[in-house]
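Colleague:
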Amino acid sequence: MKLIWSIPAPLRETIQRFFESNDETDAVDPEDSVGLLNGNEKHHTPPSRLQRDLLNSRNRKAWLYLAFFGIILIFIALAAPTRRVARVELPFMPATAAARPRQEDRFLHIVISQAWSSEASVELCKTVLTASTLGYPTPWSANWNSTLDAEGRDVNTTLNKLEHISTWLSSMPEDRGDDVVVILSNNKSWFQVRPEVLLKRYFAILETGNKELGHHVSADVRDLRDVGEKVVFATQKRCPSKHEASCQGQEAGDKSVHYLSANFAMGSMKDLKTLWQHAAIRATELTARNATLDDHSVFVSLLADQQQYRHTIREQKNHAEDLPAQDEFQDFGIHLDLKNELSYTAALNTDDIEWIKYHNPTKPETRKWISPPDLYLPVDISISAPPLWTIDGTSTPLHNTWHDVQLLTSTSSNTIPAIIQRGHTSRPTLSTTWWEKMWFHPYGRRLLDTFVLT
């Protein structure tokens, strides 16, 4: 009744007049419905009782009642508050047996760059463990000597590091140029989500970046000079360089300033190979001038050249014939992940970080670490393989979904990074306190055994 009286007064009056007008006795004889038939139909079999009822005027009036009530119900349904479904999550379905790899298939490579040491590294073991439990390929290791080059001569640490990674990239077969490579220059890195989430986000970031670039640089110029977003670098809120001149930040969507982080880079094999070759050359030039440098300042220098090159293109009104000579500038395809979707680097201040278990609407019981109302689990994570899923189905609890495990979340950007890194300024205690909060921590040994067996 409350819903009826919530109908506007004019509509309510119309309904009342309708019922009053139809209360009068109909003058049509119920048996006169035969008169509604045409001439030919009158000479055939008399209409059945059902036909007479349908043709009867009183029954026609009943149909009008039903139609009118249907309109009222539609109005009530539209006026009543509804709960919007934010997204539809398709259940995870295990893939069928894979066919033999083809030459045109692309593969994912994880490269960990670190100084050579004769002692085992606990941090490196943690990185490999997180990659294995989530189904990432076994990482490559690009070790470098911190003070000596391959011939035993003293060399700058940054130059040595860049040259070793460049050598690894150049050693890969040419036909693997389209493979996707993740370079981790920080062995304090933990994988948090499945590799398909990392890959989807990487390609989405490049697509968005190239669309934005298309608003400033014409298509013919982009094709002629191979200008585009190709390599994604992580960012962090604290400048990782000790040299103030290299601290050139960019504003993110939440108005915070982010700085390029050379601890994470992701791109195709061929694009990373070109970029690291230029980085090694730039480091060699700076070393020859006795300039102080680190890997961050080298890539910031290349990014500055790229921005200047693109600015020159825009100044030339996007006409290909007006561009400077190709050897004067170079576009490296560097793009910054300002939302930390791929990687997050913890600094000294971690106030914007929470470990959150995202609420599942199908399980409304009260639990600890329930997500705030303005945070939600991204679809790319929720539809990926469940966190404790294994190919042999022996992990427990097997029924757990991503809603049932806690994930590191940046509350300032509402982002769950695919990879967690700890910077050189982060608190050493995070190595223990954060590790114990990783969702797979209680099942690490079991998941690793399953990975090794499969």
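FYI, full-length UniProt numbering numbers position 264 of the sequence shown as 264, with every residue one higher than the one before it. Cβ coordinates follow ideal geometry from the N, Cα and C atoms, glycine included.
Is Val300 helix, strand or coil when you go by DSSP?
Modeller: As a position in the sequence shown, residue 300 is number 300, starting the count at 1. In this structure, Val300 counts as helix in the three-state DSSP scheme.
Colleague: Would you give the residue range spanned by the beta strand (DSSP E) that Gly267 belongs to?
Modeller: Walking along the sequence shown from the start, residue 267 turns up at place 267. Start and end: Val257 to Ser268.
Colleague: Give the DSSP bridge partners of Glu354, in chain order.
Modeller: Taking the sequence shown and counting its residues from 1, one reaches residue 354 at position 354. Its beta-bridge partners are Thr409.
Colleague: Quick one: what's got a C-beta closer than 6 Å to Asp32's C-beta in the same chain, skipping five residues either side?
Modeller: The residue you call residue 32 lines up with position 32 of the sequence shown. At Asp32 the pLDDT is 47, less than 50, meaning the model places this residue with poor confidence; the figure from the coordinates comes in the next sentence. Contacts found: none.
Colleague: How big is the Cα-Cα spacing for Val193 and Leu129?
Modeller: Position 193 of the sequence shown, counting from 1, holds the residue named residue 193. Position 129 of the sequence shown, counting from 1, holds the residue named residue 129. Going by the C-alpha atoms only, they are around 13 Å apart.
Colleague: Note down the Cα distance separating Ile183 from Val379, rounded to an integer number of angstroms.
Modeller: For the purposes of this step, residue 183 is identified with residue 183 of the sequence shown, where counting begins at 1. For the purposes of this step, residue 379 is identified with residue 379 of the sequence shown, where counting begins at 1. Approximately 26 Å, taken between the alpha carbons.
Colleague: In or out: Lys255 buried (at least 16 other Cβ within 10 Å) or exposed?
Modeller: As a first step, residue 255 is located in the sequence shown; it is residue number 255 there, counting from the start. Answer is exposed; the Cβ neighbour count stays below 16.
Colleague: Leaving aside the five residues before and after Ser426 along the sequence, list all residues of the same chain whose C-beta is less than 7 Å from its C-beta, in chain order.
Modeller: Taking the sequence shown and counting its residues from 1, one reaches residue 426 at position 426. Cβ within range, chain order: Ala346, Ala347 and Leu348.
Colleague: Considering Trp116, what are the terminal residues of the alpha helix (DSSP H) in which it resides?
Modeller: Locating residue 116 in the sequence shown gives position 116, counting from the first residue. First-last for Trp116: undefined, no H or E at that position.
Colleague: Taking the straight line between their C-alpha atoms, what separation do you get for Ala304 and Gly333?
Modeller: For the purposes of this step, residue 304 is identified with residue 304 of the sequence shown, where counting begins at 1. For the purposes of this step, residue 333 is identified with residue 333 of the sequence shown, where counting begins at 1. Each residue's Cα considered, the two are about 12 Å apart.
Colleague: Kindly indicate the opening and closing residues of the alpha helix (DSSP H) around Asn143.
Modeller: On the sequence shown, residue 143 is found 143 positions in, with the first residue counted as 1. Unbroken run through Asn143 is the beta strand (DSSP E), Trp140 to Trp144; no alpha helix (DSSP H).
Colleague: Tell me the DSSP secondary structure of Val155 in three-state form.
Modeller: Working through the sequence shown from its first residue, we reach residue 155 at position 155. Coil at Val155, not helix or strand.
Colleague: Using 10 angstroms around the beta-carbon of Gly214, count the other beta-carbons present and answer buried if the total reaches 16, otherwise exposed.
Modeller: Locating residue 214 in the sequence shown gives position 214, where the first residue counts as 1. Result: exposed.
Colleague: So, does the segment 286 to 303 touch the segment 199 to 207, judging by three or more C-beta pairs under 8 Å?
Modeller: no
Colleague: From Ser413 to Gln236, what does the alpha carbon distance come to, in whole angstroms?
Modeller: The residue you call residue 413 lines up with position 413 of the sequence shown. The residue you call residue 236 lines up with position 236 of the sequence shown. Cα to Cα, the separation comes out at about 12 Å.
Colleague: Rounded to whole angstroms, what's the CA-CA distance from Asn160 to His403? Just pull it up for me.
Modeller: For the purposes of this step, residue 160 is identified with residue 160 of the sequence shown, where counting begins at 1. For the purposes of this step, residue 403 is identified with residue 403 of the sequence shown, where counting begins at 1. Per the coordinates, the alpha-carbon of Asn160 lies some 44 Å from the alpha-carbon of His403.
Colleague: Closest to Leu206 by CA distance: which of Ser268, Ala142, Ile383 and Lys357 is it?
Modeller: Residue numbering aside, residue 206 sits at position 206 when the sequence shown is read from its first letter. The shortest Cα separation from Leu206 among Ser268, Ala142, Ile383 and Lys357 belongs to Ser268.
Colleague: What residue range does the beta strand (DSSP E) around Phe233 cover?
Modeller: As a first step, residue 233 must be located in the sequence shown, where it is residue number 233. From DSSP, the beta strand (DSSP E) with Phe233 extends over Val231 to Gln236.
Colleague: Considering only residues of the same chain and omitting the five flanking positions on each side of Arg83, which have a CB-CB separation below 7 Å?
Modeller: Numbered from its first residue, the sequence shown carries residue 83 at position 83. In this prediction, Arg83 scores a pLDDT of 47, lower than 50, which makes its location untrustworthy; the coordinate-derived value is nonetheless stated afterwards. Excluding positions up to five away in sequence, the list is empty.
Colleague: Does the beta-carbon distance from Leu388 to Tyr358 come in below 7 Å?
Modeller: Taking the sequence shown and counting its residues from 1, the one referred to as residue 388 is at position 388. Taking the sequence shown and counting its residues from 1, the one referred to as residue 358 is at position 358. Cβ distance not < 7 Å, so Leu388 and Tyr358 don't count as in contact.
Colleague: So, Trp355 versus Lys437, is the Cβ gap smaller than 7 Å?
Modeller: On the sequence shown, position 355 is the one that residue 355 refers to. On the sequence shown, position 437 is the one that residue 437 refers to. Cβ distance < 7 Å, so Trp355 and Lys437 count as in contact.
Colleague: For Glu89 and Arg422, I'd like the C-alpha separation in whole angstroms.
Modeller: Position 89 of the sequence shown holds residue 89. Position 422 of the sequence shown holds residue 422. At Glu89, the pLDDT of 49 sits below 50, so the modelled position is not reliable; the number obtained from the coordinates is stated separately. Using only the alpha carbons, I get a separation of about 32 Å.
Colleague: Here's the rule: buried if 16 or more other CB atoms are within 10 angstroms of the residue's CB, otherwise exposed. What is Asp337?
Modeller: Locating residue 337 in the sequence shown gives position 337, counting from the first residue. The residue in question, Asp337, is buried, as its Cβ has 16 or more Cβ neighbours within 10 Å.
Colleague: Looking only at DSSP bridge pairs, what is Ser189 linked to?
Modeller: Position 189 of the sequence shown, counting from 1, holds the residue named residue 189. Answer is Gln421, bridged to Ser189.
Colleague: Is Lys188 closer than 7 Å to Glu123 when the C-beta atoms are compared?
Modeller: Position 123 of the sequence shown, counted from the first residue, corresponds to residue 123. Position 188 of the sequence shown, counted from the first residue, corresponds to residue 188. For Glu123 and Lys188, yes; Cβs fall inside 7 Å.
Colleague: Thr433 by DSSP, collapsed to three states: which one?
Modeller: As a first step, residue 433 must be located in the sequence shown, where it is residue number 433. Residue state, collapsed to three classes: helix.
Colleague: On a Cα-Cα basis, can you pick out the residue from Leu272, Gln307, Asp351 and Phe440 that is closest to Leu169?
Modeller: Position 169 of the sequence shown, counted from the first residue, corresponds to residue 169. Of the listed residues, the one whose Cα sits closest to Leu169 is Leu272.
Colleague: Where do the N-terminal and C-terminal ends of the beta strand (DSSP E) with Ile183 fall, by residue?
Modeller: Here residue 183 refers to the residue found at position 183 when the sequence shown is read from its first residue. Counting along the chain, the beta strand (DSSP E) containing Ile183 begins and ends at Val180 to Leu184.
Colleague: Find the nearest neighbour of Gln277 within the set Pro417, His109 and Phe299, judged by alpha-carbon distance.
Modeller: Taking the sequence shown and counting its residues from 1, one reaches residue 277 at position 277. The candidate whose alpha carbon is nearest that of Gln277 is Phe299.
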